[in-house]
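The next block holds one structure in the form of structure tokens; read it before the comments.
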Amino acid sequence: MRRLWRLLLALVLVWRRRDAAPPGPPPDPSSRDTRPRPRAERVAAAALAIAGAFGVAFAVLFVVRPDTQLLGLALGVALALLAFALVLAGKRIVPQEIAVEERPELVREEDEAATAQAVAESGEGVSRRRLLGAAAGMAGAGLGAALIVPISALGPNVADRIDHTPWRDGVGLAYEDGRPVLADDVESRALITAFPTGADPRELGSPVVVVRVPVTELDLPARRQGWAPEGLLAFSKICTHAGCAVGLYRAPLYEPTSRGPALVCPCHYSTFDVRRGAEVIFGPAGRPLPQLPLRIAPDRRLLAAGGMSGSIGPAWWSVKR
Amino acid sequence: MSRRRALFALALVAGTLAVVGLAAPPPRAQGPADVRAAADASAIARGRSLFVSGCSSCHGMDARGRPGRGPSVIGAGAAAADFYLSTGRMPLAEPRDEPTRAPPAYRRSDIRALVAYIAALGGPTIPRVAPQQGRLREGVHAFADHCAGCHQIVGRGGIATGAVAPPLQEATPTQIAEAVRIGPYVMPRFSERQIDAQTLDDLVRYVRSTRHPDDRGGWGIGNLGPVPEGMVAWLLAGVALLIVARLIGERTS
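Respectively, the protein sequence lines represent chains A and B.
For the first sequence, our numbering begins at 1 and goes up steadily by one.
For the second sequence, our numbering begins at 1 and goes up steadily by one.
In structure tokens form, the structure reads like this:
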């Protein structure tokens, strides 16, 4: 790294010295410099030949030993030498000449007079008052339409479409492969991702995470009593900050010497306290993860006991529930 | 760099030994059963005395834990004891510290004795794992599902709020399997229902393969993903292009 900086510094210094050199007399624009430059020609030819050799080396390496570093080096050197040869040829070998091109006459007197007459005649067709009146009428009609047409957008509230999820009372929780999630599958300190049975798992409202905490430690809001049978809690897997999948479960082995159980989003580390209904305890999320009330069927399958407690996904606009 | 190499080599040797140890047939009892029982009993007794001298200040003289200092280890089992001791995560200098990987504080024989003592208190045994039977493709899928959120898909580690998810390159197959089953510190645990024995083999095979990623695009640059790669492209390649543009450009006074 240090050598790299030194190299950069040296390059800057070289430029400076070049810039400081006193400017010579400006070149004569009409002179044609056609001196032969055998040295430049030889250097350019050599650069082209070596570039070709490196191109061949690339092809050989590709077959014999496909190491990405060596391949990149061979191709890079070949292209750099090609560029060098082209620059050299452009600057030193091709004859340098500054030529001035004659251009045709731009102004024709008779056409100018005809145009001026046409412009003058066109002004007499429409009176100024009628023109302004017609324009004002068009403006009024357009603005009136702009005011009236949005009335057609007044209709059913879009909120129930935003809040739609596949979860209803009695919808079963299933694994990714469709097997039902049993209450006993969810052990303490384990994290299970579940989807609604018979619904599209790709829908934003579908995925939920299920965890288990001891019933005595539950601290849910009063109106969510009974949502967590046997301490089983289900929350939307979609973070309420930016919509990432909440995949981290901080599940302490021994809480007094670490932190409490929480779901964490891997994108911006929003942290949700599972025992208090996924309240945000850290990070940029603005509201808790929506909770899914659960019940346990007689055959121990996990079922939803209702819909989600709030809107799924990022907290945009005024979605704060 | 050489230190890193050495660590890799060490991990490799340790891993190979672990694999060989697991693959080898269980030692046959040389004499009658009561000789083995006696050997076990002596190992347990030695483990108990080591526990009392080294662990009891937090976990209690009777291994039932001490409130606010350390949990009970009754029922923790051989898996937890072997994981924490062989990765040097225990003993902790201060009970509120986060246990992190360190050279083991005990000799192998002492670890065996302590593991025998904790195992005698009940709990899960050390899981058997055969990474050579694992399937890499299934392994990377399982890792993405269950582990990559915290440990990153290349197993280079990350954070969960309030805890560090360690890099996994130094872990032996057995240690990886133990961590999956017991869930050390704040890591969740994964039962047989979530990750069965075959998937665990797949998972361990994938984690072991992350020690030498094939870096198909060139240099790995820490295998941390697009951020360092972008930095290299902008800061080095961008500057080089600027220099070249300046060199070939023509200026007239």
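Even glycine gets a Cβ: it sits at the ideal position worked out from N, Cα and C.
Note that the structure is a prediction, hence the values are computed from the model and not measured.
Alpha-carbon spacing of residue i relative to residue j, whole angstroms
{"i": "Lys-91(A)", "j": "Ala-45(A)", "result": "14 Å"}
{"i": "Ala-177(B)", "j": "Leu-203(B)", "result": "9 Å"}
{"i": "Phe-190(B)", "j": "Ser-188(A)", "result": "10 Å"}
{"i": "Gly-134(B)", "j": "His-141(B)", "result": "12 Å"}
{"i": "Leu-218(A)", "j": "Gly-260(A)", "result": "12 Å"}
{"i": "Thr-257(A)", "j": "Cys-58(B)", "result": "11 Å"}
{"i": "Ala-285(A)", "j": "Val-246(A)", "result": "12 Å"}
{"i": "Val-52(B)", "j": "Leu-70(A)", "result": "59 Å"}
{"i": "Ile-118(B)", "j": "Pro-71(B)", "result": "13 Å"}
{"i": "Ala-148(B)", "j": "Ile-50(A)", "result": "47 Å"}
{"i": "Pro-127(B)", "j": "Gln-194(B)", "result": "15 Å"}
{"i": "Asp-40(B)", "j": "Gly-283(A)", "result": "51 Å"}
{"i": "Val-207(B)", "j": "Leu-82(A)", "result": "44 Å"}
{"i": "Gly-277(A)", "j": "Arg-250(A)", "result": "15 Å"}
{"i": "Glu-98(B)", "j": "Tyr-185(B)", "result": "8 Å"}
{"i": "Pro-36(A)", "j": "Glu-97(A)", "result": "14 Å"}
{"i": "Leu-182(A)", "j": "Glu-230(A)", "result": "12 Å"}
{"i": "Ala-18(B)", "j": "Leu-7(A)", "result": "Model confidence at Ala-18(B) stands at a pLDDT of 46, short of 50, so the residue's coordinates are unreliable; what they give is reported in the following sentence. Roughly 49 Å separates the two Cα atoms."}
{"i": "Gly-178(A)", "j": "Arg-301(A)", "result": "13 Å"}
{"i": "Val-244(B)", "j": "Ala-237(B)", "result": "11 Å"}
{"i": "Val-12(A)", "j": "His-241(A)", "result": "47 Å"}
Local Cβ density within 10 Å of residue i, reported as buried at 16 or more and exposed below that
{"i": "His-314(B)", "result": "Nothing about residue 314(B) can be reported from this structure: the residues present for chain B run from 1 to 253 only."}
{"i": "Leu-4(A)", "result": "exposed"}
{"i": "Gly-52(A)", "result": "exposed"}
{"i": "Thr-125(B)", "result": "exposed"}
{"i": "Asp-215(B)", "result": "exposed"}
{"i": "Ala-85(A)", "result": "buried"}
{"i": "Pro-288(A)", "result": "buried"}
{"i": "Pro-25(B)", "result": "Confidence at Pro-25(B) is low in this model, with a pLDDT of 43, below 50, so the placement of that residue is unreliable and no value is reported for it."}
{"i": "Pro-290(A)", "result": "buried"}
{"i": "Thr-115(A)", "result": "exposed"}
{"i": "Ile-312(A)", "result": "buried"}
{"i": "Pro-252(A)", "result": "buried"}
{"i": "Met-90(B)", "result": "buried"}
{"i": "Pro-131(B)", "result": "buried"}
{"i": "Ile-231(B)", "result": "A small fix is needed here, since residue 231(B) is Met in this sequence, not Ile. Its Cβ having fewer than 16 others within 10 Å, Met-231(B) is exposed."}
{"i": "Ala-76(B)", "result": "buried"}
{"i": "Gly-47(B)", "result": "buried"}
{"i": "Thr-216(A)", "result": "exposed"}
{"i": "Ser-309(A)", "result": "buried"}
Residue i - DSSP class collapsed to helix/strand/coil
{"i": "Thr-271(A)", "result": "strand"}
{"i": "Leu-232(A)", "result": "strand"}
{"i": "Gly-70(B)", "result": "strand"}
{"i": "Leu-132(A)", "result": "helix"}
{"i": "Tyr-84(B)", "result": "helix"}
{"i": "Arg-276(A)", "result": "helix"}
{"i": "Ile-126(B)", "result": "coil"}
{"i": "Gly-52(A)", "result": "helix"}
{"i": "Ala-304(A)", "result": "strand"}
{"i": "Tyr-249(A)", "result": "strand"}
{"i": "Leu-247(B)", "result": "helix"}
{"i": "Ala-285(A)", "result": "coil"}
{"i": "Leu-294(A)", "result": "strand"}
{"i": "Ile-151(A)", "result": "helix"}
{"i": "Ala-262(A)", "result": "strand"}
{"i": "Ile-111(B)", "result": "helix"}
{"i": "Ile-238(A)", "result": "strand"}
{"i": "Tyr-117(B)", "result": "helix"}
{"i": "Thr-100(B)", "result": "coil"}
{"i": "Met-138(A)", "result": "helix"}
{"i": "Gly-144(A)", "result": "helix"}
Cβ shell of residue i (< 6 Å), same chain only, five flanking positions each side left out
{"i": "Ala-234(A)", "result": "Val-208, Val-210, Leu-292 and Leu-294"}
{"i": "Pro-192(A)", "result": "The sequence as given places Ile at residue 192(A); Pro does not occur at that position. If we look at Ile-192(A) and ignore the five residues flanking it on each side, its Cβ neighbours are Val-186 and Val-210."}
{"i": "Trp-227(A)", "result": "Pro-293"}
Sequence-distant residues of the same chain with beta carbon closer than 7 Å to residue i, five excluded per side
{"i": "His-151(B)", "result": "Gly-157, Gly-158, Ala-165 and Leu-168"}
{"i": "Val-43(A)", "result": "Leu-88"}
{"i": "Asp-169(A)", "result": "Ala-304, Ala-305 and Gly-306"}
{"i": "Ala-240(B)", "result": "none"}
{"i": "Pro-266(A)", "result": "Cys-244, Gly-247 and Leu-248"}
Contact set for residue i: own chain, Cβ-Cβ below 8 Å, skip 5 residues either direction
{"i": "Glu-203(A)", "result": "Thr-165 and Pro-166"}
{"i": "Asp-67(A)", "result": "Leu-61"}
{"i": "Gly-174(A)", "result": "As written in the sequence, residue 174(A) is Ala, which differs from the Gly given in the question. Closer than 8 Å at Cβ, skipping near neighbours: Pro-180, Val-181, Ala-194, Phe-195, Pro-196 and Thr-197."}
Closer than 7 Å: residue i CB and nearest the ligand SAM heavy atom
{"i": "Glu-192(B)", "result": "Here there are no bound small molecules, and the ligand SAM is not part of this structure."}
**Message:** At 3 residues or longer, what runs of the beta strand (DSSP E) sit wholly inside the region 165-228 of chain A?
**Reply:** 192-196 and 208-212
**Request:** Would you mind listing the alpha helix (DSSP H) stretches within the region 128-172 of chain B that are 4+ residues and don't spill past its ends, in chain order?
**Result:** 136-146 and 148-151
**Item:** Uninterrupted alpha helix (DSSP H) stretches inside the region 174-219 of chain B (no shorter than 4 residues)
**Value:** 197-209
**Message:** As an exercise, report each continuous beta strand (DSSP E) stretch of at least 3 residues that is fully enclosed by the region 47-128 of chain A, in chain order.
**Reply:** none
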